[in-house]
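Just below is one structure, and these are the notes that go with it.
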Amino acid sequence: MNAVAPILEVQDLTIALPKGGDRSTAVQKVSFTVGRAEIVCLVGESGSGKSVIAQGVMGLLPKQLPVTGGRILLQGEDITHAPLARLRELRATKISMIFQEPMTALNPVMTCGDQIDEVLAEHTKLSPAERRAKVRAIIEEVLLPDPDRMMASYPHQLSGGQRQRIMIAMALVLEPVLLIADEPTTALDVTTQKQVLELMLQLQHKHGTGVLFITHDFGVVAELAHRVAVLRLGDLVEVGAKHDVLQRPQHDYTKMLIGSVPTLHLHAKPNDPSAPVVLSARGLAKTYVDKGWFGKARTVHAAADVDFDIRRGQTLGIVGESGSGKSTVARCVVRLIDPTAGQVKLGADDIALMPHSQLRPLRKRVQIVFQDPYRSLNPRRTVGQAMVEGPMNYGMQRAQAESRALELLKLVRMDSSAMERYPHQFSGGQRQRICIARALMMEPELLVADEAVSALDVSVQAQVLDLFEEIKSRLNLAMLFITHDLRVASQVCDYLAVMSKGKVVEYGPAHQVFGAPQHEYTRALFNAAPGRDFDFAKAAA
Amino acid sequence: MTQPANFEALSVESATVVTQPSTWQRVKRNGSVRLGGIALLILLLVAIAAPWLGTVDPSLFDPASRDLTPGKTGEITTLEGETLQHRFIMGSDSFGRDIYSRVIYGTRVSLLVGVATAVVALVFGILFGLMAGFLRWLDGPLMRVMDGLMAIPAILIAIALVAMWKGSLLTVVIAIAIPEIPRVTRLVRSLVLSIREEPYVEAAISLGTPTPLIMWRHILPNTVAPLIVQATFICASGILVEAILSFLGVGLPPDIPTWGNVMAEGRAQFNQYPHNIFFPGIFLAVTVLAVNILGDGLRDTLDPKMAKRV
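What follows is the structure in structure tokens.
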């Protein structure tokens, strides 16, 4: 701990939840400090209360969540119940905040320059010319190219990373002593995330700002933190220096979390290159043509010239950043969208351009699991109804389908009572298990997982990944695994295709691609993965 | 991957039991729903029990008791020729008819018109909306027709229809429902377009579920909540427009007691006898307000997304 007084001191903070929730307090008796020039990472899974603490410090808590105990001290001043006027003074000058989604945090009808200028106009007595110079300076400092153009741009004209830089500029322009960052890089691609994190580190170091960084990603923690605080259901279970917490965790929950963090797995997996090919794509392409009423048509090549084979019992991973076309490929394979050209051979049939009427008997052979478990099940149908729908479409009797559904629920470790219940009665991880079971009801040859674990907390993610692995080996399935997370891909995949801008830039056995990436883009992508060199306490777990 | 033995037990998520109050419970608890619902229930009971609420036949008149002020007692002659002593709680009109009886019986007409309009508008709106949302080639032409329909004012349609078929309940309901149909169609179409992109619909497609079944099973049930909300607003506007049409003399024939007709008849003597317009006006205002309050409450509980939008 620093000898000087900490910038932020949170003592026994308790925040109540409205009645009828699954617990009575959002956080209870949480104490930690943030020192000068220190980065404290607040880690926890969804529902752990980490964002509530951030809102509490900013004085932004909604009325339903009152602070019922403890104190929040900013440089020794108790701001727990500070009047609104005082809080307004403190915000921006002493504390500022960066949010997850820069598009919604910025005002879409004001130029970025004006938005930064507004902060200065509100809190300083500088003349317009001085303010303008200062805005320019801070935009240069966050390393945005062409500051004058940036100042005149509207948020929608910038990329996600640039918008987040504007947010950072806005937050730091008055040199606050404390910066609260609530999952600021979660919505960004890994390469952009790396740049933004580097920038934050640099600026924080330069200005000596204390940072309270909220994240669920242990990779980011490993890159950034000085100290780490771990939250579980509103309880602070462990707080300490980064190396202590990440490498010698004390609490069982921390051990479990760190044990669940996917790490890059570089060993060659035994796979049989002579296994029969379940699905092969050749020259697969999807082009969107946007025909306007006037003017020229705009064409977008979402995927072009994609080739791959998936063999029985093996998993092909497609990795890439957002907009790389990986989901387009998955949806072409399942024929949720119609490819523009190319071949997709499922056994002997080419399903790429087959009309929908002929496709129907083949559909059962390829099944898909989606990213968002909350939207993958019809809220108005019971789990049982969802499970038997597919087989009954192909003529199976209800009784037979139901007994099969029960077997599969057991396989995905769900209770048989789930059959009668509705999706809203289950958590995200449980729903994802149900979705997997529903896909398996069809006895598919190929299971497509489109970012199927991306929306889940790490501990749940680890369980679902294990489930995928178990199903694959037990049922000898072929899998197409779409993900943006290289660490997850390295654990699951036998083969790997790296996509960028609609094209496959690298394709080969996973351990080769990971071990010795050939393409420049692949290398950039791998380098950007947060926490890749950090030695998590795997052995201890 | 190595994991501690009590992995499942420690995982936050599998320990969380998700309990939420059911939609019905939330609806029942909502203050607006209760207030509007109770008011409407009372009106409904009044409409059903009209003959037993101290009313006389609303078409009876007696020249001897013309233009009585509220609370006066006068005589009224039944169809059989009997002369009764009757207390005119809300006074009488220029023919000597009992305004109280006419207003109470008018409740029947108003509620019936409101509900019938909503049903007609919903049935056709859902049909067209599903067609526009699912048959993409039909979308453009159908929606342009709907745009056209929306441009015609209800009153104009009513005048045209009454000129063609004479004023009747059916004509009035059709006249009011027609301009509402495009609104429902637009709502259903936009719901269908967004629901058909939901992963659970895509999952149903890959499970081989035929398109008509997808519409019936996966899409229609998820449009119910916003549609119920829309139905209450159509109902309120139906009641209001019927009164306006009757007031203008293009609604139901004058011998049928409706609030609009009563007000229309009282218009000429509005300065001397304001009660002719005042009492039906109060009933109309309370009814429309009750339906709208109910609708607001339903919107807040059934369709929180829409509540945010509006």
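Those protein sequences? They're chains X and L, same order as listed.
With my numbering as the guide, the letters of the first sequence map in order to residues 360 to 900.
With my numbering as the guide, the letters of the second sequence map in order to residues 5 to 314.
Glycine residues also receive a C-beta, built at the ideal position from the N, C-alpha and C atoms.
These numbers were taken from a predicted model, which means no experiment stands behind them.
message: Can you tell me whether H222 (chain L) is buried or exposed? The criterion is at least 16 other CB atoms within 10 Å of its CB, across all chains shown.
response: Label assigned to H222 (chain L): buried.
query: How about G684 (chain X) and A663 (chain X): do their beta carbons lie closer than 9 Å?
result: Taking the C-beta atoms as reference points, A663 (chain X) is found nearer than 9 Å to G684 (chain X).
- request: Could you check if P278 (chain L) is buried or exposed, using at least 16 other CB atoms within 10 Å of its CB as the buried criterion?
  value: By the neighbour-count definition (other C-beta atoms within 10 Å, threshold 16), P278 (chain L) is an exposed residue.
message: By alpha-carbon positions, which one of X:Q702, X:N630 and X:I710 ends up nearest to R694 (chain X)?
response: If we check each option's Cα against that of R694 (chain X), X:I710 comes out closest.
message: Using DSSP's beta-bridge definition, name the partner residues of S859 (chain X).
response: X:K862.
- request: Output yes if chain L places a C-beta closer than 9 Å to the C-beta of C794 (chain X); else output no.
  value: Closer than 9 Å: yes.
field: Residues sharing a beta bridge with P467 (chain X), DSSP
entry: Residue pairing from DSSP leaves P467 (chain X) without any beta-bridge partner.
message: What does the Cβ neighbour count give for L879 (chain X), buried or exposed, with the cut at 16 atoms within 10 Å?
response: Reading the sequence as shown, one finds Glu at residue 879 (chain X) and not Leu. Exposed, because fewer than 16 other Cβ atoms sit within 10 Å of the Cβ of E879 (chain X).
With 16 other Cβ atoms within 10 Å as the buried cut-off, status of T82 (chain L): By the neighbour-count definition (other C-beta atoms within 10 Å, threshold 16), T82 (chain L) is an exposed residue.
- request: List the whole-angstrom C-beta distance separating A294 (chain L) from L115 (chain L), where the pair is believed to meet the contact cut-off of C-beta under 8 Å.
  value: Rounded, the Cβ-Cβ distance is 11 Å, inconsistent with contact.
query: Can the beta-carbon of R586 (chain X) be found less than 9 Å from the beta-carbon of G567 (chain X)?
result: With respect to the 9 Å criterion, R586 (chain X) and G567 (chain X) are not classified as neighbours on the basis of their beta carbons.
message: In this structure, how does DSSP classify G642 (chain X) when only helix, strand and coil are distinguished?
response: Residue state, collapsed to three classes: strand.
message: Comparing C-alpha positions only, which one of X:M510, X:H575, X:P421 and X:E534 sits nearest to H564 (chain X)?
response: Ranking the options by Cα distance to H564 (chain X), first place goes to X:E534.
query: Is the CB of R833 (chain X) under 9 Å away from at least one CB in chain L?
result: It does not; no Cβ of chain L falls within 9 Å.
query: Helix, strand or coil: how does DSSP classify F840 (chain X) here?
result: In this structure, F840 (chain X) counts as strand in the three-state DSSP scheme.
query: Applying the criterion that 16 or more other CB atoms from any shown protein chain within 10 Å of the CB defines a buried residue, is V399 (chain X) buried or exposed?
result: Using a 10 angstroms sphere on the CB of V399 (chain X), the tally of other CB atoms reaches 16 or more, which defines it as buried.
- prompt: Is any beta-carbon of chain X found at less than 9 Å from that of N275 (chain L)?
  reply: So, not an interface residue.
message: Let me check one thing: in DSSP terms, what residues is L292 (chain L) bridge-paired to?
response: First, the amino acid is wrong: residue 292 (chain L) is Val here, not Leu. As far as DSSP is concerned, V292 (chain L) takes part in no beta bridge.
message: Is the beta carbon of G40 (chain L) closer than 9 Å to that of D300 (chain L)?
response: With respect to the 9 Å criterion, D300 (chain L) and G40 (chain L) are classified as neighbours on the basis of their beta carbons.
message: Using the three-state DSSP reduction, which class does K409 (chain X) fall into: helix, strand or coil?
response: Of the three classes helix, strand and coil, the one that applies to K409 (chain X) here is helix, per DSSP.
Contact the stretch 814–824 of chain X vs the stretch 780–797 of chain X: 3+ CB pairs below 8 Å: At 8 Å Cβ cutoff, the stretches touch.
task: Can you tell me which of the three DSSP states M456 (chain X) falls into?
output: In the three-state scheme derived from DSSP, where H, G and I count as helix and E and B as strand, M456 (chain X) is classed as strand.
field: Contact check, L433 (chain X) vs L449 (chain X), beta carbons under 9 Å
entry: Yes, they are a contact pair.
- request: Give the range of the alpha helix (DSSP H) segment to which L195 (chain L) is assigned.
  value: Following the DSSP letters along the chain, one finds L195 (chain L) inside the alpha helix (DSSP H) bounded by residues L173 to I199.
task: Report the option in L:A164, L:I159, L:T77 and L:Q29 whose CA atom is closest to the CA atom of I248 (chain L).
output: Minimum Cα distance to I248 (chain L) is reached at L:I159.
task: Can you say whether M168 (chain L) is buried or exposed, counting buried as having 16 or more other CB atoms within 10 angstroms of its CB?
output: It is exposed - the Cβ of M168 (chain L) has fewer than 16 other Cβ atoms within 10 Å.
query: Using a Cβ-Cβ cut-off of 7 Å (strictly less than) and excluding sequence neighbours within five positions of Q234 (chain L), which residues of its own chain qualify?
result: Apart from sequence neighbours up to five positions away, the residues of its chain that approach Q234 (chain L) with a beta-carbon distance below 7 Å are V188 and L191, ordered along the chain.
- prompt: What residues from chain X crowd round G212 (chain L), counting only those whose CB sits closer than 7 Å?
  reply: In chain order: R719, R722, K723, G749, N752 and Y753.
Same chain only: Cβ atoms within 7 Å of V747 (chain X), ignoring 5 sequence neighbours per side: Within the same chain, R757, A760, E761 and A764 come within 7 Å of V747 (chain X) by CB-CB distance, once the 5 residues on both sides are set aside.
query: Per DSSP, what kind of secondary structure is E404 (chain X) in: helix, strand or coil?
result: Of the three classes helix, strand and coil, the one that applies to E404 (chain X) here is coil, per DSSP.
Minimum length 4: unbroken alpha helix (DSSP H) runs contained in the stretch 622–702 of chain X: 685–692, all fully within the stretch 622–702 of chain X.
field: Interface residues of the stretch 199–210 of chain L facing chain X [CB-CB below 9 Å]
entry: From the stretch 199–210 of chain L, only E202, P203, Y204, V205, E206, A207, A208, I209 and S210 have a Cβ closer than 9 Å to chain X.
query: If L298 (chain L) and V37 (chain L) are in contact, beta carbons under 8 Å, what's the gap, nearest whole angstrom?
result: So it is a contact: roughly 6 Å between Cβ atoms.
field: Three-state class that DSSP yields for I42 (chain L) in the structure shown
entry: The answer is helix: DSSP assigns I42 (chain L) an H, G or I state.
- prompt: Does any CB atom of chain L fall closer than 9 Å to the CB of P377 (chain X)?
  reply: By this cut-off, P377 (chain X) is not an interface position.
query: Under 8 Å from any heavy atom of the ligand FAD, does the C-beta of H279 (chain L) make it?
result: Questions concerning the ligand FAD fall outside what the structure shown contains, since it holds no ligand whatsoever.
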